[in-house]
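Input: a single structure, listed below in C-alpha cells.
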Amino acid sequence: MYSSKLSTLKRAKQGVLSVPVQAILFLSLGSLSLWMLFFSSYPATHNTMHQTRHHTLGVGCH
Amino acid sequence: MKRSIWAGLSGAVCLSALALSGAAASAAPRVELQTDPPLSQIEPFSEPVIFSLKAVADDGQPLEDAILELLLNTPPKTPWLTTDFPVVEGTMLARLTLPAPQGEAQFQQVPPIRGSYQLQVRVSPRVPGTFEPYTDLLTFQVPENPVKYRNLAILLSILLLAGLGGGWVIGGSQPPNPGEVASRPVQLVLSGTVLVAIATLLYISITAERAGAHTEAPTGQDNYTEPLNAEPVPTNITATLEDQAIATVGQAIPLEVELTRAETGEPISAAVLDINTTSLEYERTVFDFTAQTDTQGEFVWEQQFFDGAPHLVTVHVSPAANSSIPFEPFEFSQRIDVTGVAPPLFVRLVSLGYCTGVLALGTAAGFWLRRRSTQHAL
Ligand SMILES: [Zn+2]
Chain A
1 MYSSKLSTLK RAKQGVLSVP VQAILFLSLG SLSLWMLFFS SYPATHNTMH QTRHHTLGVG
61 CH
Chain B
1 MKRSIWAGLS GAVCLSALAL SGAAASAAPR VELQTDPPLS QIEPFSEPVI FSLKAVADDG
61 QPLEDAILEL LLNTPPKTPW LTTDFPVVEG TMLARLTLPA PQGEAQFQQV PPIRGSYQLQ
121 VRVSPRVPGT FEPYTDLLTF QVPENPVKYR NLAILLSILL LAGLGGGWVI GGSQPPNPGE
181 VASRPVQLVL SGTVLVAIAT LLYISITAER AGAHTEAPTG QDNYTEPLNA EPVPTNITAT
241 LEDQAIATVG QAIPLEVELT RAETGEPISA AVLDINTTSL EYERTVFDFT AQTDTQGEFV
301 WEQQFFDGAP HLVTVHVSPA ANSSIPFEPF EFSQRIDVTG VAPPLFVRLV SLGYCTGVLA
361 LGTAAGFWLR RRSTQHAL
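Quick note, the sequences are listed as chains A and B, same order. The first sequence: position 1 = 1 (the numbering used here), numbered continuously. The second sequence: position 102 = 102 (the numbering used here), numbered continuously.
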C-alpha cells in the first residue's frame with residue numbers, strides 16, 4: 001500500500017522531469033508571457049505596452 | 001509548355017486591351033488625387049495627410065461650381081497579418097460633401113493603417129443640369145510604418161534566443177534514473193514555480209478578457225481644459241454640434257452642425273465651416289475639412305474616430321462672401337470620448353501562434369545543439 005503510493009509519487013516526479021513535460025512547461029510559460037505583454041486586454045499591461053504594440057508588425061491593438 | 005505560352009500571350013493581349021480601354025476611360029470626366037506628403041512617404045497613424053481632389057471634365061478642364069460627395073473606406077481586413085487597428089480594417093472612415101467652386105476640394109486625414117484605401121467621389125453640379133454627374137473610384141496605397149518591421153525583427157530574435165536557451169537547458173537534463181529523482185529537488189521546485197506562474201497568468205488573462213471582451217474604457221489620460229475662445233459664438237446666433245451616436249472605434253458616426261439666428265430661428269445657410277478633429281491624446285489633427293451649411297443651416301457628415309481616446313471637434317464658422325446675414329467669424333468645439341474596442345480574439349491568437357512557433361523553433365534548435373554537443377563529448 002505504502003510502497004505503491006511511493007512509486008506513484010516517484011513516477012510523477014519522473015514525469016515532471018521528462019523532456020516533453022519540461023518543453024511543454026517552458027513553451028506554455030513563454031506563450032502566456034507573450035500573451036500578457038502583446039495581446040491581453042489586461043489594463044495594466046495593455047497601458048504600459050500600448051506604444052510598443054502599435055509599433056510592432058502583426059500585433060493588433062485598438 | 002506550348003499551351004502555357006499561348007495562355008500567357010492571350011493574357012498579355014487581354015491586359016493591353018484593358019490598358020487601351022483604360023486610356024479611353026481617362027478621356028471621360030474623372031477625379032484627380034494628389035497627396036502631401038506623396039503617398040510613398042506617408043506613415044500610417046502619424047501626421048495628417050493633405051488630400052487634394054480635382055474634378056476634371058473629359059477635355060481636361062476643371063469642372064466649375066461642383067459638389068464632391070466623398071466616401072472613404074479603410075483597406076480590407078488582413079486577419080493573417082493584422083494591422084495595429086484590426087477593428088478599423090474594412091470599415092468606413094468618412095462620408096462627407098465638400099463644395100468645389102473651382103472643381104477642387106481638400107481635406108486632411110490621418111490614415112490609421114497600411115493598405116489600399118478606397119475613395120469614392122461623386123461629382124455633381126451645384127446647379128443641376130450644368131454637367132452630367134459622375135462617380136470616380138480612387139484607390140491609394142499607404143505603406144506600413146518601417147519601425148514596425150524593425151521591432152518585429154527584434155521581438156523574433158529575442159524569442160529565438162530565449163528558445164535556444166530553454167532548449168539548451170532542457171537538452172542538458174539527463175533522463176533521470178529512478179533513484180536519482182530525489183537528488184533533483186531544484187528542478188522540481190522550478191517546475192512547480194513555472195506551473196504556478198502559468199496558472200496565475202492564465203487566470204489574469206481570462207479575467208481581463210471577460211471584463212473587456214467587447215469594449216474598453218478610453219485609454220487616454222488627459223488634463224484637457226477648455227481653452228479660452230478668442231472668437232466666441234455671437235449672442236444672436238445659435239450654433240450646435242451634435243454627435244448622433246456613441247463614438248466607437250470601427251464605426252463611423254453621423255455628426256451635425258446647425259446654425260440659426262437666435263431670435264428668429266432662421267437658418268444661416270452657406271456659412272463656411274472649417275471642421276477640425278484633434279486627438280487630445282496625441283495633440284494632433286486627425287481629420288480636417290472645409291464645408292458649407294445647406295439651406296436649412298445644417299451640415300451633416302459621418303466620420304469614424306479610429307483611436308479609442310478623447311477627441312476635440314472644433315468648428316470655425318465664417319460667413320459666405322455673399323451672405324445675407326453678416327456676422328463675425330466664430331468658433332465652438334465639443335469633446336468626444338471614443339470607446340475603444342479590443343481586437344478580435346482570433347486575430348490575436350493567430351499572431352500569438354506565430355510568436356510561439358518561433359519560440360518552439362528556437363527551443364528545438366537549442367535542444368538539438370545541446371544533445372549533439374554532449375554526444376560529441378562522450
Ligand atoms: Zn491598445
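The beta carbon of each residue, even a glycine, is placed where N, CA and C say it ideally should be.
Using a Cβ cut-off of 8 Å, pull out every chain B residue sitting near residue i, in sequence order please.
i: S31/A; result: L352, C355, T356 and L359
i: M36/A; result: L201, I204 and S205
So with CB distances below 9 Å, who are the chain A contacts of residue i?
i: F45/B; result: H54
i: S191/B; result: V16, L17, V21, Q22 and L25
i: T363/B; result: A23, F26, L27 and G30
Rounded C-beta distance between residue i and residue j? I'm assuming under 8 Å.
i: V249/B; j: D307/B; result: 7 Å
i: F299/B; j: A291/B; result: 5 Å
i: E89/B; j: V56/B; result: E89/B to V56/B, Cβ: 31 Å. No contact.
i: V379/B; j: R114/B; result: There is no way to answer for residue 379/B, as the model of chain B reaches only from 1 to 378.
i: H311/B; j: V272/B; result: Contact flag wrong, Cβ pair sits at about 22 Å.
i: L32/A; j: I198/B; result: 6 Å
i: A100/B; j: D58/B; result: About 17 Å; that fails the 8 Å criterion.
i: T45/A; j: L37/A; result: 6 Å
Which residues of chain A have a Cβ atom closer than 8 Å to the Cβ of residue i, listed in chain order?
i: E209/B; result: S40 and S41
i: A342/B; result: S41 and H62
i: E331/B; result: None at all; the shortest Cβ gap to chain A is about 31 Å.
i: I170/B; result: V19, Q22, A23 and F26
i: G308/B; result: H62
i: S173/B; result: L17, V19 and Q22
i: V121/B; result: Per Cβ cutoff of 8 Å: no residues; V121/B is ~30 Å from chain A at best.
Compare the C-alpha of residue i against each of the options and name the closest.
i: E256/B; options: A199/B, T240/B and R372/B; result: T240/B
i: R53/A; options: F85/B, P37/B and A28/B; result: F85/B
i: E231/B; options: S318/B, G357/B and P344/B; result: S318/B
i: P76/B; options: D59/B, Y117/B and D65/B; result: Y117/B
i: G60/B; options: F287/B, R122/B and R30/B; result: R30/B
i: G353/B; options: S52/B, W80/B, E64/B and L70/B; result: W80/B
i: L188/B; options: T200/B, L201/B, S279/B and S173/B; result: S173/B
i: R126/B; options: D65/B, Q303/B, R370/B and G115/B; result: D65/B
i: P62/B; options: V313/B, A105/B and D36/B; result: A105/B
i: Q108/B; options: P329/B, E263/B, F287/B and T374/B; result: F287/B
i: T260/B; options: T293/B, A377/B, F140/B and P133/B; result: T293/B
i: K54/B; options: V88/B, L93/B, R122/B and E89/B; result: R122/B
i: D243/B; options: W301/B, R348/B, L273/B and R372/B; result: W301/B
i: T139/B; options: P101/B, G165/B, G340/B and T74/B; result: T74/B
i: T383/B; options: Q303/B, G297/B, S333/B and N322/B; result: Only positions 1 to 378 of chain B appear in this structure, which leaves residue 383/B out of reach.
i: V358/B; options: S124/B, M92/B and G163/B; result: G163/B
i: G362/B; options: N47/A, M49/A, A23/A and L9/A; result: A23/A
i: L137/B; options: Q304/B, E69/B and T200/B; result: E69/B
i: T285/B; options: V110/B, S52/B and L71/B; result: V110/B
i: S279/B; options: A100/B, F330/B and E47/B; result: E47/B
i: V16/A; options: L71/B, G192/B and N229/B; result: G192/B
i: T235/B; options: C355/B, A262/B, A247/B and Y282/B; result: A262/B
i: L345/B; options: W168/B, A208/B, E132/B and A100/B; result: A208/B
i: T238/B; options: I246/B, S269/B, L202/B and V196/B; result: S269/B
i: L160/B; options: H376/B, A377/B and G366/B; result: G366/B
i: Q304/B; options: I336/B, A252/B and P267/B; result: A252/B
i: G58/A; options: Q375/B, T374/B, A360/B and R348/B; result: R348/B
i: Q34/B; options: V186/B, V49/B, F45/B and I158/B; result: V49/B
i: L369/B; options: E331/B, A211/B, W168/B and A153/B; result: W168/B
i: G166/B; options: L25/A, H50/A and T56/A; result: L25/A
Identify the contact partners of residue i in chain B, using a Cβ-Cβ distance below 7 Å as the criterion.
i: S28/A; result: I198
Residues of chain B with CB under 9 Å from residue i, in chain order?
i: Q51/A; result: The contacting residues do not exist; Q51/A stays about 10 Å from chain B at best.
So which residues of chain A does residue i contact, with C-beta pairs closer than 7 Å?
i: G166/B; result: F26
i: R348/B; result: F39 and G60
i: S124/B; result: Going along chain A, no residue has its Cβ under 7 Å from S124/B, so there is no contact; the nearest lies around 37 Å.
i: S373/B; result: The premise fails here: S373/B is roughly 16 Å from chain A at the closest Cβ pair, so nothing lies under 7 Å.
i: V194/B; result: L25 and L29
i: Y162/B; result: Correcting the residue identity first, residue 162/B is Ala in this sequence and not Tyr. Within 7 Å Cβ-Cβ: G30.
- Task: For the segment 74-102 of chain B, enumerate the residues whose C-beta is nearer than 8 Å to any C-beta of chain A, in chain order.
- Result: L81, T82, T83, D84, F85, P86 and V87
- Message: Residues of the segment 134-154 of chain B in Cβ contact with chain A at a cutoff of 8 Å, in chain order, please.
- Response: Those would be E144, N145, V147, K148, Y149, N151 and L152, in chain order.
- Task: Output, in sequence order along the chain, the residues in the segment 245-275 of chain B whose CB is closer than 8 Å to any CB in chain A.
- Result: Of all residues in the segment 245-275 of chain B, only V249 come within less than 8 Å of chain A when Cβ atoms are compared, listed by chain position.
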